[in-house]
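Encoded as structure tokens, the structure appears first; notes follow it.
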Amino acid sequence: MIHPASERNALSPDIQQGTPEPGSNSQFSVAVGPGGGVLRSIQIGALPLEAGGELPSVTMAFESWGTLNAAGDNAVLIQHALTGSTHVSRGESEEDGWWEGLVGPGEVIDTNKYFVVSANIVGGCYGSTGPSSIADDGRPYGSRFPFVTIRDSVHAEARLADKLGVTAWYAVVGGSMGGARALEWAATYPDRVQRCAVVASCAASTAEQIAFAQAQVLAIRQDPNFAGGDYYDGAPPTSGLGLARRIAHITYRSEAELDHRFGRTAQEDAGTILHERMAPPDGGKSLGRYQVESYLDHQAHKLVGRFDANSYIAISEALMSHDVSRGRGTLEESLAVTAGIKFVVAAVNSDRLYFPGQSAALAAALPGRVNPQIIDSPIGHDGFLTEVAAVGEMLRESFFSD
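The sequence shown maps to residues 6 to 407 in our numbering.
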């Protein structure tokens, strides 16, 4: 569900710049309660942007679990994927999280030991300032929302960490776009990251990844209801957003998984060899569909009910911008500052969006000896979400064994 701007300022004191005093805000996590899983927000002030200018009055939405220690260094930051939310774990809420079973009392990331935080990316629609947020003139940003990079969002998350009293992250963990953010954290704030897990991601978005993203962005922009991005007083561009989701979801699943689940099976008893396939869909449905078509329709329907089209564009553009070495020299030179950080770099063996070879290249460029790990899954890219036990065991062995 999209959180309206009116719900985004639960905690509003302006954040102070600079390194936080150790544990200075640990009472915040005590007030939240160790169960967590409730969306909250903090204003961090104006955010300077890599492309120039600034985004004023930025709000960061987040969920947290556990309690921050007095030193402010038992915190774990978990970064969500493109259309993901802050809801990693159920906590005290009634809804399972997207990595349910990984975070909680007695789990791999034990909230009896760690203060776990997940923040909504700037540009998102789950509470942080984004295109649907209300600007200073009382209208949604819409088409006026600026270009925000992954690096910009990490700077915003550092402001959030300051406000929460986090002096150093025990670990920063992320998959897909979350992996890009985790890596950027390590390169930008190496003195504030002790461990970093980059799962199903890479050092920079590749030409093919950018190409897939561009097709999705254009699908939204070409929806007649898009209105140049200023559609909030009318019908939203659900058709374009649904098409974008279909394109994306094909890259999230492997060919073998789609073929195993659906093959050429028809959705209806009448089969697929029908003239009705050539007719425009009636009420969103058409005869003669294949099961895989119905599956993609279902995925599209789920997303358009919970996500903002402008946010999809803004975050896709941010992910396209991902390049940890931008302005920092070669990849090896850019990552040299991370020498004191312990890394996990992992890939899904059936991933056809972020290939295992890209994870291997990142691991090879990191200081010291980092051996890339493999998550065995037939699913494809989404294996980093579905194989929770495998991801958990990998993190337990590498980061959370003591």
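Glycine included, each C-beta is placed from N, C-alpha and C at the ideal position.
Distances from the CA of G179 to each of C207, T193, A163 and R164 were compared; the closest alpha carbon is that of C207. In the structure shown, R45 adopts extended strand secondary structure according to DSSP, grouped into three states. The C-beta separation of G397 from S355 comes to about 19 Å, leaving the pair out of contact by the 8 Å criterion. Under the criterion of beta carbons closer than 8 Å, R251 and I346 do not qualify as touching, at roughly 38 Å.
In the three-state reduction of the DSSP assignment, E281 falls in the helix class. Taking C-beta separations shorter than 6 Å and ignoring five residues to either side along the sequence, the partners of G96 in its chain run G40, G41, G42 and W70, following chain order.
Here V375 is not near V342, since their CB atoms are 7 Å or more apart. Nearest C-alpha to G276 among M283, R294, G268 and E262: R294.
Separation of A173 and A166 (C-alpha to C-alpha, rounded to the nearest whole angstrom) is 9 Å.
Residues W174, V177, W190, A191 and I346 of the same chain have their beta carbon placed closer than 6 Å to that of V198, with the five preceding and five following residues left out of the count. Counting C-beta pairs closer than 8 Å gives three or more between the segment 129-146 and the segment 310-325, which meets the contact rule.
Burial check for D313: the Cβ neighbour count within 10 Å reaches 16 or more, so the residue is buried. With distances taken between CA atoms, A205 lies nearest to Y359 out of R45, Y359, L263 and L371. Where F120 is concerned, the enclosing beta strand (DSSP E) starts and stops at F120 to A124. In this model, E55 and A323 are separated by some 11 Å (Cα to Cα). With fewer than 16 other Cβ atoms from the protein chains shown falling within 10 Å of its own Cβ, S148 counts as exposed. Boundaries for F217: no beta strand (DSSP E) harbours it, while the alpha helix (DSSP H) harbouring it runs A212 to R226, taken from the DSSP string.
In this structure, the CA atom of Q272 is about 5 Å from the CA atom of Q296.
Rounded to the nearest angstrom, the gap between the Cα atoms of A352 and V81 is 21 Å.
Taking C-beta atoms as the reference points, S94 and V113 fail to come closer than 7 Å. Shortest Cα-Cα distance from A124 to any of L371, A394, G143 and A161 involves A161. Its Cα nearest to that of A86, the residue I126 stands out among P361, I126 and G170. For the pair Q84 and G183, the CB atoms are nearer than the 7 Å cut-off. From the listed residues G102, S98, Y146 and V159, the smallest Cα separation to L52 is found for V159. Contact check for F231 and G247: beta-carbon distance about 13 Å, past the 8 Å limit, so the pair fails to qualify. One Cα belongs to A344, the other to L367, and the distance between them is close to 14 Å. Spanning the alpha carbons of G111 and Y119 requires a straight line of approximately 11 Å.
V177 carries a strand assignment under DSSP once its states are collapsed to helix, strand and coil.
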